[in-house]
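Data block below; observations after.
Protein chains: 2
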Amino acid sequence: MMGAECMKRFFIISGGKIEDTFAKAVLNGVAEKTVIAADSGMEFLRRNEIIPQIIIGDFDSVSSGTLEWFQKKDDIIWHKLNPVKDDTDTESAIRLAISMGAELITVLGGTGSRLDHVLGNIELLGIGLEAGVKIELLDANNRIRMTDCGMILKKEEQFGKYVSLIPYTAKVEHLCLTGFKYPLDDYCLKGFCSLGVSNEITEKQAEITFEKGILIVIESRDDAAMTYEI
Amino acid sequence: MMGAECMKRFFIISGGKIEDTFAKAVLNGVAEKTVIAADSGMEFLRRNEIIPQIIIGDFDSVSSGTLEWFQKKDDIIWHKLNPVKDDTDTESAIRLAISMGAELITVLGGTGSRLDHVLGNIELLGIGLEAGVKIELLDANNRIRMTDCGMILKKEEQFGKYVSLIPYTAKVEHLCLTGFKYPLDDYCLKGFCSLGVSNEITEKQAEITFEKGILIVIESRDDAAMTYEI
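Residue numbers (my numbering), protein chains in the order written: chain W, 58 to 287; chain C, 58 to 287.
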């Protein structure tokens, strides 16, 4: 049986905001996995005593105490990056995971108050499109994915309450939405508007199809509705 | 003298996360202004006893107590929107401000933990490009703008420490950056990479020029470096 558990599952722990209870529940929910710490993502792992298989980064944003704590552990593969580099540590971690055969990569700690980092990490979802690998950014309020070919969302597997569609390309052409509260038929979704925000799934499953363009798909929930079930 | 104070300055208070001390300092820093509350942005205004000139929304996400509190005030212009509508309240507020002759619109409360709302609001910056009106999203960590023609950033007017450039279009062509720690010369900035994140201004002023495309420009600071000076 090919389920999510059988896929080559990678988790990248980045240095943004992490809600520990949420992130631990996510990690514990998957038995077979590879965990990569991207630089200051190490802080979350240390305070929760989780040992990653791989640590990558230039180590300019992790505390020396945390760095030493992991250096004493056996069986960790280290990738030391040059601090003067073009790519972020998260980008390097994603590229490494793909080179190791990842089929699904979940980035935890890729969001937070620095919105340049958030947008930079959303850009990185496109590396997954190019490589044919599924990548998602996940936090307690959002699951963010990118698609160039549409998507089926089963209500029972949905993350949160809302589904929002943001055009990554200037246009997403011939967009059809079925199974949603606000359906669309052969619509050209363009940027500079908020039409795709806060849709909801009303059927057992919802389907997003389109013929040209790239969509950012965000499943989200408000703080009030937040639980740590995922 | 034409300074920022002489422009037709509009503030839109949206329903996302607002740090009160920061937002109040921003509002108090501008003498002549029009304040528009977009739906649950009213909550911030009520708890700080600020009376907006205009309230707009479908009022589905504001508490009844707050709604009643404002209904008792004189001299507020109300725009009641249909709750089944395509646009968000923030989009309606931006379009209203532009129709009233706004020259610079600052959106407070346009960010927060719901990243679909954040991305939806970043899309709205493009309405400013189309209308020739400056729009910015502002929170305690980020100032987010969009440009289709480049920008000059004076160090003394910079918001925070970092400047990040995210391509809104698939390509931003012939990009030149001067006055930055990481300059660029005639570069084609493409999506799906993190190259433009976390640059810094090293000269008195920095200049961003390009010939084709649209850029998202984010000035940001970490929490640790946060002060309420703006």
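Don't be surprised by glycine CBs; every beta carbon is placed ideally from N, CA and C.
Check: Inter-stretch contact (C-beta, 8 Å, three-pair minimum) for the stretch 143-153 of chain C and the stretch 244-258 of chain W; Outcome: yes
Check: Environment of W:Thr168 [buried if 16+ CB atoms lie within 10 Å]; Outcome: buried
Check: Exposure label - C:Lys74; buried when at least 16 CB within 10 Å; Outcome: buried
Check: Short Cβ contact (9 Å threshold) for C:Val220 with C:Ser156; Outcome: no
Check: Counterpart residues of W:Met208 in DSSP-defined beta bridges; Outcome: W:Ile265
Check: Reduced DSSP category for W:Asn256 - H, G, I as helix; E, B as strand; rest coil; Outcome: strand
Check: Alpha-carbon spacing of W:Glu148 relative to W:Asn139, whole angstroms; Outcome: 14 Å
Check: Neighbourhood of W:Gly217 by C-beta, 6 Å cutoff - its chain only, sequence neighbours within 5 removed; Outcome: Glu276, Ser277, Arg278
Check: C:Lys191 beta carbon near the ligand ZN (any heavy atom closer than 8 Å); Outcome: This structure does not include the ligand ZN; it has no bound ligands of any sort.
Check: Terminal residues of the beta strand (DSSP E) in which C:Leu232 lies; Outcome: 228-235
Check: Cutoff 9 Å: C:Arg171 Cβ touching any chain W Cβ; Outcome: yes
Check: Contained alpha helix (DSSP H) runs [length at least 4] in the stretch 166-207 of chain W, N- to C-terminal order; Outcome: 172-188
Check: Neighbour-count burial assignment, W:Arg171, 16 or more Cβ in a 10 Å radius; Outcome: buried
Check: Straight-line Cα distance separating W:Asn105 from C:Ala154; Outcome: 48 Å
Check: In chain order, each beta strand (DSSP E) run of at least 3 residues that lies wholly inside the stretch 81-138 of chain W; Outcome: 91-95, 111-114, 134-137
Check: Spatial neighbours of W:Phe67 in its chain, beta-carbon cut-off 6 Å, leaving aside the 5 residues before and after; Outcome: Thr91, Ala154, Ala159, Ile162
Check: Contacts that C:Tyr219 makes with chain W (C-beta to C-beta distance below 7 Å); Outcome: Asp173
Check: W:Leu246 to C:Leu272 span [Cα, whole Å]; Outcome: 20 Å
Check: Burial state of C:Thr78, where buried means 16 or more other Cβ atoms lie within 10 Å; Outcome: exposed
Check: The stretch 96-116 of chain W in contact with the stretch 124-138 of chain W per 3-pair CB rule at 8 Å; Outcome: yes
Check: Chain W contacts made by the stretch 240-262 of chain C, where a contact means CB separation under 8 Å; Outcome: Gly248, Phe249, Cys250, Ser251, Leu252, Gly253, Val254, Ser255
Check: Nonlocal neighbours in the same chain, by C-beta distance under 7 Å from W:Gln262, ignoring five residues either side; Outcome: Ile209, Leu210, Lys211, Lys212, Gly236
Check: As assigned by DSSP and simplified to three states, the class of W:Asp77; Outcome: helix
Check: The stretch 177-199 of chain W: positions lying closer than 7 Å to chain C by Cβ; Outcome: Gly177, Glu180, Leu181, Gly183, Ile184, Glu187, Asn198, Asn199
Check: Residues within the stretch 225-238 of chain W neighbouring chain C, beta-carbon criterion of under 7 Å; Outcome: Thr226, Ala227
Check: Beta carbon proximity, C:Met273 to chain W, threshold 9 Å; Outcome: Checking the sequence, you will find Ile at residue 273 of chain C rather than Met. For C:Ile273, the answer is yes, since a Cβ of chain W falls inside 9 Å of its Cβ.
Check: Contacting positions in the stretch 140-164 of chain W - beta carbon closer than 8 Å to chain C; Outcome: Asp143, Asp144, Thr145, Thr147, Glu148
Check: Minimum Cβ-Cβ distance from C:Tyr285 to chain W less than 9 Å; Outcome: Low per-residue confidence applies at C:Tyr285: pLDDT is 46, beneath 50, and the placement is therefore not dependable, though the value from the model is reported in the following sentence. So, not an interface residue.
Check: Presumed contact (8 Å Cβ cut-off) between W:Gly183 and W:Ile265, rounded CB distance; Outcome: Not quite, the Cβ-Cβ distance comes to about 17 Å (not below 8 Å), so this is no contact.
Check: Minimum C-alpha distance to W:Gln215 - residue among W:Asn199, W:Met99, W:Gln110, W:Asp205; Outcome: W:Asn199
Check: Classification of W:Thr204 by the beta-carbon crowding that lies within 10 angstroms, buried from 16 upward; Outcome: buried
Check: Closer than 9 Å to chain W by CB, C:Ser120; Outcome: no
Check: Segment limits, beta strand (DSSP E) that includes C:Ser71; Outcome: First-last for C:Ser71: undefined, no H or E at that position.
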